[in-house]
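S.K.: Chains as they are written, first to last, in the UniProt record's numbering: chain A, 1 to 416; chain B, 1 to 92; chain C, 1 to 179; chain D, 1 to 973. Here you go, one structure.
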Amino acid sequence: MRYSGWKVITQGLLGNKGWTPAWREPAPKAEYDAIIIGGGGHGLSTAYYLAKNHGLRNIAVLEKGYLGGGNVGRNTTIVRANYFLKGNQEFYSHSLKLWEGLEAELNYNVMHSQRGLINLFHSDGQRDAFARRGNSMINQGDDAILLDREGVREHLPYLDFEQTRFPIYGGLLHPRGGTARHDAVAWGYARGADRLGVDLIQNCEVTGIDIENGKVVGVQTSRGAIKAKKVGIVVAGRSSQVAAMAGMRLPIESHILQAFVTEGLKPVIHHVISFGMGHFYMSQSDKGGLVFGGDLDFYASYAARGNLPMVEHVMEAGMTLMPMIGRAKVLRSWGGIMDMSPDGSPIIDKTHIDGLYLDCGWNYGGFKAVPASGWCMAHLMATDQSHEVARRFRLDRFRTGHLLDEEGTGSQHNLH
Amino acid sequence: MRLTCPLCGPRDRREFYYYGHEDYLQRPGPDAGPEAWDDHLHLRDNIAGEVRDLWYHETGCAQWLVVTRNTVTHEILSTELVADRKKKGVRA
Amino acid sequence: MPELIAKTALLGKKPVTFAGTTLAEGDAGPVASIALFPGQDKAAAKALKPLAFPAPNSFTESEAARLVWTGRDQAFLIGAEPPALGGIAAVTDQSGGWATLTLTGPMAVEALMRLVPLDLRATFAVGQAARAPLGHMQSILFRTAPDSFTLMVFRSMARTAWHEIEVALRSLAARAALA
Amino acid sequence: MRILGKGQIDRNRPVSFRFDGKSYQGYQGDTVASALLANDVRLMGRSFKYHRPRGVLTAGSEEPNALLEVVGATNQTPNVRATMQEIFDGLNTQSQNRFPSLSFDFMGVNDLLSQFLSAGFYYKTFMWPRAFWEKLYEPVIRRAAGLGRLSGKHDEGHYEKAYAFCDLLVIGSGPAGLAAALTAARAGADVILAEEDRELGGRLLADEPDLDGAPARDWVSSTEAELRSLPNVRVMTRTTVTGAYDNGTFGALERVGLHTPARADLPRECFWRIAAKRAVLAAGALERPIAFPMNDRPGIMLAGAVRSYLNRWGVTAGKRVTIFANNDGARQTARQLMAAGVEVAAILDSRTDATAIEDCPVYLGARVTDTSGRLGLRSISGAHVGGNFQIETDCLAMSGGWNPTVNLTCHLNGRPRWNVDIAAFVPSEGVVPGLSVAGSANGDFTTHACLAAGQAAAIEALAEIGVTAAAVPLPRAEGVPYAIQPLWLVEGKGRAWLDFANDVTSKDVKLSAQEGFTSVEHMKRYTTQGMAPDQGKSSNVAALAVLADATGRGIPETGTTTYRPPFTPVSIAAMGAGGRAMGFAPQRFTTSDQASRDRHAPMIEAGLWYRPSYFPKPGEKTWRESCDREVNMVRSAVGVSDVSTLGKIDIQGKDAARFLDLVYTNTFSNLPIGRVRYGLMLREDGLVLDDGTTARLDENHFLMTTTTAAAGLVMRHLDFIHQTHCADWDLRLISVTESWAQFAVAGPKARALLNAVLDAPLGDFPFMACGETQVGGVKGRLFRISFSGEEGYEVAVPSRYGESLFRDLVAKAEAMGGGPYGMEALNVLRIEKGFITHAEIHGRTTAFDIGMEKMVSPKKDCIGKAMAARPGMVGEEREQLVGLRLAQETKAFGGAHLFTQGAEVERETSQGYVTSVCWSPMFGATLAMGFLKNGRARHGEKIRIVDHLRDLDLLAEVCDPVFHDPKGEKLRA
């Protein structure tokens, strides 16, 4: 069923009786050409592009819970392409371009809102680091504008410019940066993949990976064994567990990232704001809630919930930067499980097992990567070759020292 | 979250700095080779369950601790001083 | 040649009192870190007499001198020049590196428990000491009398420490006025 | 309407407040909701999506409808529950999410379009044309959505945070909570009793059952008096326990000053972190509505709330009340109303087998099928076995049963379980370690059972921590069983609201199932049910039941969404208390701070420190003028700069030298006593961690310096290496950063200046020497090191003498044509000399990159050595440190990229970037440092510098980064 405004009106007049399911609920087949483990954003987009770009039709996505139930349904929805290292730049740039066509591509309104993202800086040194970043973005063909303090004030007059602990020197504005409706991204890709014949199988947990003579032949699941010629592990948050089923040990540690949303408010924040000294970022959702977050809780965890010290730190950062939000009330806090890699960049690569592919290590930047991650993972699975824009996301780069460390904090998983 | 520092007693999580898995304790020799070093610094079992990892009592006594805890429930099972582990015969 | 003038961290700021509780800058006099080398416990005990090396989370005192536990095999000798401890302990002068604040009065515990994540009520008895955060700062604190605490913070952060404790006292006084 | 003789408000203390510009009178003890109801105001808000007129539904913090703005002198607080805001003289409130007025709201048009605004409609439209989303659709949607408004001004309120500890935290003070607290209190346990309301009692106040044959309030009062008299008990009213966290930590919000006019120093709210050895959750239960057609009109309320208003505030919510319920509990409402003289039009009991004993019409097996009244309920239509009927009524008290308040038990990922008997979720056991649940929070709905369970929970919890508690005498209470027959939805023509706050109707939930969103999480996210300010407190179970029905599953199989902290919304200001303005991080001041400010130096942040940027002289109009002068001053005479912020670590012990050999790439064990050496420190991953100088003061005594930025990091790193790799070594480390004030004295007249301040003239003291000295009668330390390229010294004194020495040094320097210099000049001096800072060692830099690979000693192991040899860390592909020189003066271009002349400007052709830039008055040129691919082989090349952001396109000569005195003759002068 094709969605449109006209359809909404005609269906409304008919009592909305004619809407059909967004996707089928198929039973798993005995064998697939390709299986994607993980029905999150990345897994669904991988399946979609495998079908769309590479013509595969006999594909299944196996999801142990419900579609989009991982980090794609639990994040602060920021979409940006403001990286400065070769390797990251081209990938996120590609992703942003895919975002810009996503509604048309999927016939689904994911509410991608290019409202502009401002990274604030608080010293001359930070300014130069952001200038390097901004220049990288423009070299890549993306957009960036360096704002001085007055430039920031024009955009964000409500920040505390007078007595905040780390004065605002300026900001790097990324006009094409913004947000999207996170759940809709998962649903849009799910619906798109389903229309291309992909079997989306929910409540199907993978419990083993079958390997014969160094080649993957299928998976064991809570709904029985399923044969497959190719298997992609796309389960960020749980990558280590699933890879362990194939005997692999990954350069990944799992960490909690908390995020917060306030009660609904009339529009008051029109950008995505990132505070360079306080690990704090905020935007306002279309429903009116202030959506914000900070840094990891810092200890390895699979609990998908955090503790008060980081909660308080985030709130304190908000209060020094923009005390205007003080009376907004936090409605809900939640935590996601982050695949933290030793350099803060992801991995999209083959493994030492034939037909087994890995897409993991998204740290806490996975949401914006959803389109390109799927695009490149699909390319890798279909052709056995790394896609041009993901060729530096190698699994062995930590051993060889070809790092992609945007933060510069080194081989400590939680510092990225 | 609360951890018990073997010296200072039960303390709030905010007093501690987290480093990572106790793998960091097993420093390979200078000639151990790239695989051993890769293993030491990067590769992790990353268990959903009981783990042993390293914490620093940063705003307390400045001691490094090995903490045994559960990454799913956040239960803290035991804490010991890194500096004491050789004395106690814990693997070095 | 002019003599250099010694100044305390808060330059002799005047004490303030809210709800009967007084915050004041103290002057610890000489402060030295005594960090025992491995296996030197007995030699140290002898050399430090009459002060006993304190158990964790406590301090010992003799006349004006206090020996406050500050870490593993480490204590700060406050109020007296350190004895000769060559080979027994690393002795490092810390005088002036720490600002000393005293907080005395009925609201002392409640005020501190706005900033220090420790149970400082009766279980934190006179004679106890702790290394603990004071807000976002590191501190050494110890209870010298039922209603009196001494706090040591980095000299450079003394103004922040003072401000935060004063705010806590003001809030408590305002709460008391409401009741 | 107020009922004489009922309620616990203080009728001797009238209070006047404002709502939507109109003044109303209530009494001390009223909430805005009770006072407005007393004034016959039913319309209090507009709904989120359809902008439907709404009145108060509840009498507690779970209120979904009556949200309003409290307007203060400088700020306004949005989304305040009228049910929780106590009135005080001068309180000013206004309705929200309406324009132009509450009774006439333009956005009410949405209600007429509701058939087109079904669940998830926005995912299906607004896609074309693409550019219209940001420009048209989204702004319109955003303006229509949202609830209250922030003022946009800084929140100037005062907030606080505090810590508390206890043996037993009792959450809630109804019968279970009071029994638990009393039992624990008498056992001598350290107890905190937290109650969200302004007074203790919970449903005992609202329902007024008899205890020991007397009004429950008597027992509540005597119990409270006893608890408050005990030193081991802390009673915290107006305090909501908002979250359960790990290992016995709870968050709680105390509303300290929200019920009075603002006062100086009085916190509005206090956020508590409570560490409890054990906790008893006695948070009671929340009544749930029934979804029937047009069930959202002002005047339609929960039956329990109607009882609360009657008994606590002496207010009847209507003159002619109708009851609609599926359980016995609500029948009590009818009896109490009638006893108070309020007319009860009828009771509609959905059960066919219920008794009908009340003195009013009672319809069994009955349903409400429709309602009328635009801005407030006027009548209802009903149906029962006997047929249809209509009742004129201005208040409908409904009850769909009660949900135990399981929220906190879900905060650590616990899932509640379905209890068929009470048709509700009850907490699973042990899901929050150390927390047990008692009373109606656990599904026990009689006063008698609550009292007993509270007591038992306290005894058991205390036994676990070794405290023996005895059973205390509890008052006698009736044990009326709770009989319920589930009724979630009355099907009918009109819309039936499940989630009032987010305008989610039963049709939305069914549509969600129809479209395949059958997982409860999908339904929630697709319809937004449960995502409003009340977080589904009154709607989750009914919505789940409707979904279960639509998908042909049972409720337990359908599952449930989870509750997450906070229990009720908490202001950012409260959890962020102390962070406002300078409170976010400690401020660190050097000993020379006042002296620098006295000279009007603008201070800038360096980490947590403040350092002088430059020292303006009269007539200097720009920072550059001052900076150039200061640079020239150092190069030609002498400058003084406070460098105390650099980290200083005292390292002692027989193994100190060995330790330094391990942590530095180069060797320190062969450093002579009395000498200083530059050291490079790597992280274990082979990248540069920090650099600095270390002095050997004695055979077994070293003093290490670190950069300002990395001081804490290096200390932690050294502690780690020491404790993990060589804990048994004879080695002790301690930071002495704060103990010493240290000043750089640099320039051709440096020695002369030192001789003017030192107690004895400086003898032979070569470059990189160190030793003790005496200055102004004080023992200090002297180092001959330089960060400027000039003959330089650093003199250190115990920090209490710092200010005095700084003033003295500066005064004497000025007499020699020198003076103080700030960070700007310091930066120029170090760039001229090619010294690196964290602009260059930014965490991605190897020793190879900065040309220091030879400093990695081949003779020994050191931290980072193995990983520094990885193929990706060395070689021609790496960007290497270079100097860049331009004849002209330009805007600063730190962060610009480098390109080979003639090459395309794009990602892959970027050859590197600029890290540091300055105008060098000495060279009359712009000097810069940067990293350039294979840079050391490219000295002499003209390279293109492109800075898109500052619109610069320049050519520079690549050169060695050391511009000034490359042979170091001046240093050694």
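For glycine and all other residues, C-beta sits at the position ideal for the given N, C-alpha and C.
Measure from the C-beta of residue 109(A) to each C-beta in chain D and report whether the shortest distance is under 7 Å.
M.R.: yes
S.K.: Taking only beta-carbon atoms, is residue 586(D) less than 7 Å away from chain C?
M.R.: yes
S.K.: With a threshold of 7 Å between beta-carbons, can residue 6(B) be considered close to chain D, or not?
M.R.: no
S.K.: Could you spell out the range, first to last residue, of the alpha helix (DSSP H) harbouring residue 91(A)?
M.R.: 89-100
S.K.: Classify residue 92(B) as buried or exposed, calling it buried when 16 or more other Cβ atoms lie within 10 Å of its own Cβ.
M.R.: Low per-residue confidence applies at residue 92(B): pLDDT is 33, beneath 50, and the placement is therefore not dependable enough to give any value.
S.K.: For a contact meaning CB atoms closer than 8 Å, what does residue 799(D) contact in chain C?
M.R.: 96, 97 and 155
S.K.: Going by C-alpha to C-alpha distance, which of 305(D), 559(D), 286(D) and 117(D) sits closest to residue 444(D)?
M.R.: 286(D)
S.K.: Since residue 202(A) is in the alpha helix (DSSP H), which residue starts that stretch and which ends it?
M.R.: From DSSP, residue 202(A) is part of no alpha helix (DSSP H); its letter is neither H nor E.
S.K.: State yes or no: is the C-beta of residue 81(C) within less than 7 Å of the C-beta of residue 50(C)?
M.R.: With respect to residue 50(C), residue 81(C) sits apart: the two C-beta atoms are not nearer than 7 Å.
S.K.: Chain A partners of residue 138(D), CB-CB under 9 Å?
M.R.: 111, 113, 115 and 286
S.K.: DSSP on residue 696(D), reduced to helix/strand/coil?
M.R.: strand
S.K.: So residue 292(A) is in the beta strand (DSSP E); what residue range does that whole segment cover?
M.R.: First-last of the beta strand (DSSP E) with residue 292(A): 290-300.
S.K.: Can you list the residues of chain B that residue 128(C) reaches, using a CB-CB cut of under 7 Å?
M.R.: Under the 7 Å cutoff, chain B gives no residues; its nearest Cβ is about 10 Å from residue 128(C).
S.K.: To the nearest whole angstrom, what separates the beta carbons of residue 277(D) and residue 459(D), a pair I think is in contact under 8 Å?
M.R.: Not quite, the Cβ-Cβ distance comes to about 15 Å (not below 8 Å), so this is no contact.
S.K.: My output table needs one value for residue 558(D): the three-state DSSP class, helix, strand or coil.
M.R.: helix
S.K.: Do the segment 188-203 of chain D and the segment 164-179 of chain D touch if we need at least three Cβ pairs shorter than 8 Å?
M.R.: yes
S.K.: What in chain B is Cβ-close to residue 253(A), meaning under 8 Å?
M.R.: Neighbours of residue 253(A) on chain B, chain order: 20, 21, 44 and 46.
S.K.: Return the CA-CA distance between residue 89(C) and residue 391(A), expressed in angstroms with no decimal places.
M.R.: 56 Å
S.K.: Around the Cβ of residue 118(D), are there at least 16 other Cβ atoms within 10 angstroms (buried) or fewer (exposed)?
M.R.: buried
S.K.: Helix, strand or coil for residue 91(B)? Go by DSSP, reduced to three states.
M.R.: Per-residue confidence for residue 91(B) stands at a pLDDT of 37, beneath the threshold of 50, marking its modelled position as unreliable; no derived number is given.
S.K.: Helix, strand or coil for residue 895(D) per DSSP?
M.R.: coil
S.K.: Suppose contacts are defined by Cβ-Cβ distances below 7 Å. Is residue 28(B) in contact with residue 40(B) by that definition?
M.R.: yes
S.K.: Taking the alpha helix (DSSP H) that residue 138(D) belongs to, which residues open and close that run?
M.R.: Secondary structure note for residue 138(D): its alpha helix (DSSP H) is the uninterrupted segment 138-144.
S.K.: Give a yes or no on whether 7 Å exceeds the smallest Cβ distance from residue 247(D) to chain B.
M.R.: At a cut-off of 7 Å between beta carbons, residue 247(D) contacts chain B.
S.K.: Report the three-state DSSP secondary structure of residue 230(A) (helix, strand or coil).
M.R.: strand
S.K.: Going by CA-CA distance only, name the one from 190(D), 500(D), 199(D) and 204(D) that's closest to residue 994(D).
M.R.: Here chain D comprises residues numbered 1 to 973, so residue 994(D) is not present and cannot be evaluated.
S.K.: Under the three-state reduction of DSSP, which class applies to residue 571(D): helix, strand or coil?
M.R.: strand
S.K.: Ignore the nearest five residues each way along the sequence and tell me which others in residue 136(C)'s own chain have a CB closer than 7 Å to its CB.
M.R.: Cβ within range, chain order: n/a, list empty.
S.K.: To be precise: take each residue of the segment 60-86 of chain D, compare its Cβ to all Cβ atoms of chain C, and keep it if any distance is under 9 Å. Which residues remain?
M.R.: none
S.K.: Determine the DSSP secondary structure at residue 662(D), reduced to helix, strand or coil.
M.R.: helix
S.K.: Using a Cβ cut-off of 7 Å (strictly closer), state whether residue 665(D) contacts chain A.
M.R.: no
S.K.: Taking the beta strand (DSSP E) that residue 98(C) belongs to, which residues open and close that run?
M.R.: 98-104
S.K.: So, using beta-carbon positions, are residue 327(D) and residue 206(D) closer together than 7 Å?
M.R.: no
S.K.: Could you tell me the distance, in whole angstroms, from the CA atom of residue 28(A) to the CA atom of residue 235(A)?
M.R.: 19 Å
S.K.: Could you say if the segment 190-204 of chain A and the segment 127-136 of chain A meet the contact criterion of at least three C-beta pairs nearer than 8 Å?
M.R.: Contact fails: fewer than three Cβ-Cβ distances are below 8 Å.
S.K.: Locate the beta strand (DSSP E) running through residue 395(D), then write down its first and last residues.
M.R.: If you look at residue 395(D), you'll find it in the beta strand (DSSP E) that goes 395-399.
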